[in-house]
Structures are given as structure tokens and as C-alpha cells.
Amino acid sequence: MKTGLLQFRPVLAEPEQNIERVGELLAPLDFDLIVLPELSNSGYFFRSAEELDRSAEDIGGGMFVNSLREIAQRKGSYIVSGVCERSGGRFYNTSVLIHPNGRMDVYRKIHLFDTEKKWFTPGDKPPGVFEVKGSFGNVLIGMMICFDWFFPETARTLALQGAQIICHPSNLVLSYCQKAMYARAVENRVFTVTANRTGTELCGDNSLTFTGQSVMVSPKGEYLISMNEFDEGSALVEIDPQTALDKNVTAGNNLFKDRRSELYKL
Ligand code: ACM
Numbered sequence: 124m125k126t127g128l129l130q131f132r133p134v135l136a137e138p139e140q141n142i143e144r145v146g147e148l149l150a151p152l153d154f155d156l157i158v159l160p161e162l163s164n165s166g167y168f169f170r171s172a173e174e175l176d177r178s179a180e181d182i183g184g185g186m187f188v189n190s191l192r193e194i195a196q197r198k199g200s201y202i203v204s205g206v207c208e209r210s211g212g213r214f215y216n217t218s219v220l221i222h223p224n225g226r227m228d229v230y231r232k233i234h235l236f237d238t239e240k241k242w243f244t245p246g247d248k249p250p251g252v253f254e255v256k257g258s259f260g261n262v263l264i265g266m267m268i269c270f271d272w273f274f275p276e277t278a279r280t281l282a283l284q285g286a287q288i289i290c291h292p293s294n295l296v297l298s299y300c301q302k303a304m305y306a307r308a309v310e311n312r313v314f315t316v317t318a319n320r321t322g323t324e325l326c327g328d329n330s331l332t333f334t335g336q337s338v339m340v341s342p343k344g345e346y347l348i349s350m351n352e353f354d355e356g357s358a359l360v361e362i363d364p365q366t367a368l369d370k371n372v373t374a375g376n377n378l379f380k381d382r383r384s385e386l387y388k389l
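Remember, the numbering used here sits 123 above the position in the sequence shown when you count from 1.
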């Protein structure tokens, strides 16, 4: 299964410009599944409610998601992307899994980071898994968004439901997530695909610099993709997602069977 990620620099509050850039970057690629960063349509560091409103879309019929649908359909591929969503007068930091037949699965970020709490309503549904199908077989995909990584329960919840690939659209500003995702992959024996953005955004006297360095890690702790801090670009690797179904760590240890949930206070 040819799987990977796109690292790019969304322009704040310019969804048309952002879909044009995504289209350009995806056009030459041949993939089964690709992951784009968090809030790919809108950028991140909103300066006003008006700017957020102008950047957001109804994911059922919005321009950005519809354009991704067309790309997925044309290529016969799956696309995961972060989207700034407007629904019922609220805003959500959302990830969509777009199928080549136009179907869409949705996850809304449950752990909002810092100033996101000012703009977004947190998701109220547990992270779930979704099936994708192709010449590569039937594969279960989970989605989590950026700061969700800080709560290992998120990835574990997905792994316990059978997720083989965890797609992780991100806008990372702290320096250690990319390393932590190594642990999320190994401790759950899943593939993780962290698609981060690059660039700097300004809001008054404050600025945020996004750390790039998008990573994809295998269940056995191999870095399959490591991007640099600054550049836009993509990377794809051929994987066998069925290897994520093997939860035996040693001949005497099974990741799920050895859990002592009766002793945990979670
Ligand atoms: C983040 O959750 N965007 C840091």
C-alpha cells in the first residue's frame, strides 16, 4: 500500500490559494493513501473571528473538501486532511478521510491546544476507525489531530479498535512530538503518519513557527519518512499494513493480552 504524507505551508485565511497549492503538489503523485496537515484549508493562527469564519467551510459541500474529493476520485486514492470546519454556527478542528468513491469519514479534534480553545468546539465523539479497500486489501484507518498525541489514550483507543495506520494531520509548534510519535507507533504496533506544516504565522506581537519534520513510523520502530524543518514536499513508501495486526512483541508477550487494565486508573 503506497502511503505517505504532504508537508506544506498553508496561507492563513486563503482557502483558494491553499487548495491550488495542494492540487499542484498532489498532481504528480501516485498513492493509495496520503495525509495532509491540520487545518490545511485555513492556516492556524487566526487574528479575528471574521478571519476564522472566512476560512472555514461546511465539509459536506465546501470548496476545499470537494476539490480533494475530485482528486481522490481521479486518482482512485484515499486522502486524509485537516480541515477548518463550520457546522451549525460552531467551528471544529476536523480531519476527513476521503474515499475514491466520494464517501467521507470525519473526526473532530478532542484535545484542543492553547488558543484553539478560543475558536473551536472540541469534538465529543471517541476516535474511531474506518475501513479502506483496494488492491492492498482491507485496512483499518484511525485519525487523530496534532495535540491529541499528548494523550496516549487517543492512539491506544484507535489501536484497540484495530487501527493499522494512524493518520495524524498536524500543525506542530513544540519540538518533541515527532520523537513521541515513534513511541505511539511502537507501543501500539501500528503505522503512524504525522503530516506537519512549515512556515511562520503572526498574530499581533505573537508568532508561531511550525516545525515541519513530518514523520512516518512503522510498528517495529523504523522511521519510514523523515522530512526536514522547512521545505514543502511529499514522501511515499510502500508498506504492508497487515504487519500492524501482529501484536506479539516477543514469543511470550502480546501487546493486548498482557495489558493489566484491572490495575490501571485511567
Ligand atoms: C496543535 O495541536 N496544533 C499544536
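Backbone N, C-alpha and C define an ideal beta-carbon position, used for all residues, glycine too. This one's a predicted model, so the numbers in the text were calculated from it and none came from an experiment.
Three-state secondary structure assigned by DSSP to residue i
i           : result
residue 305 : helix
residue 209 : strand
residue 341 : coil
residue 150 : coil
residue 130 : strand
residue 232 : coil
residue 317 : strand
residue 358 : strand
residue 399 : Since the first residue shown for the chain is 124 and the last is 389, residue 399 is missing from the structure and cannot be characterised.
residue 256 : strand
residue 187 : helix
residue 324 : strand
residue 270 : helix
residue 125 : strand
residue 366 : helix
residue 200 : coil
residue 277 : helix
residue 311 : helix
residue 160 : coil
residue 103 : Residue 103 is absent from the model: the chain starts at 124 and stops at 389.
residue 352 : coil
residue 137 : coil
Beta-carbon proximity of residue i to residue j, cut-off 7 Å
i           : j           : result
residue 195 : residue 221 : yes
residue 155 : residue 259 : yes
residue 319 : residue 160 : yes
residue 255 : residue 268 : no
residue 344 : residue 372 : no
residue 364 : residue 284 : no
residue 243 : residue 215 : yes
residue 292 : residue 218 : yes
residue 307 : residue 278 : yes
residue 174 : residue 136 : yes
residue 162 : residue 127 : no
residue 317 : residue 296 : no
residue 203 : residue 290 : yes
residue 250 : residue 281 : yes
residue 171 : residue 207 : no
residue 274 : residue 234 : yes
Anticipated Cβ contact below 8 Å, residue i with residue j, distance rounded
i           : j           : result
residue 145 : residue 168 : Not really, about 19 Å apart at Cβ, beyond 8 Å.
residue 271 : residue 232 : 6 Å
residue 355 : residue 125 : Not quite, the Cβ-Cβ distance comes to about 20 Å (not below 8 Å), so this is no contact.
residue 335 : residue 323 : Not quite, the Cβ-Cβ distance comes to about 11 Å (not below 8 Å), so this is no contact.
residue 199 : residue 223 : 5 Å
residue 182 : residue 252 : Wrong, their Cβ atoms sit about 19 Å apart, outside the cutoff.
Rounded separation between residue i and residue j - CA only
i           : j           : result
residue 341 : residue 315 : 7 Å
residue 138 : residue 164 : 5 Å
residue 247 : residue 266 : 14 Å
residue 227 : residue 327 : 36 Å
residue 331 : residue 353 : 14 Å
residue 357 : residue 333 : 17 Å
residue 142 : residue 192 : 12 Å
residue 212 : residue 383 : 43 Å
residue 294 : residue 166 : 9 Å
residue 302 : residue 176 : 34 Å
residue 153 : residue 305 : 26 Å
residue 359 : residue 349 : 11 Å
residue 379 : residue 147 : 42 Å
residue 129 : residue 149 : 8 Å
residue 386 : residue 298 : 32 Å
Can you pull every residue whose C-beta falls closer than 6 Å to some heavy atom of the ligand ACM, listed in chain order?
Counting every residue whose Cβ lies closer than 6 Å to a heavy atom of the ligand ACM, we get 161, 236, 269, 270, 294, 295 and 296.
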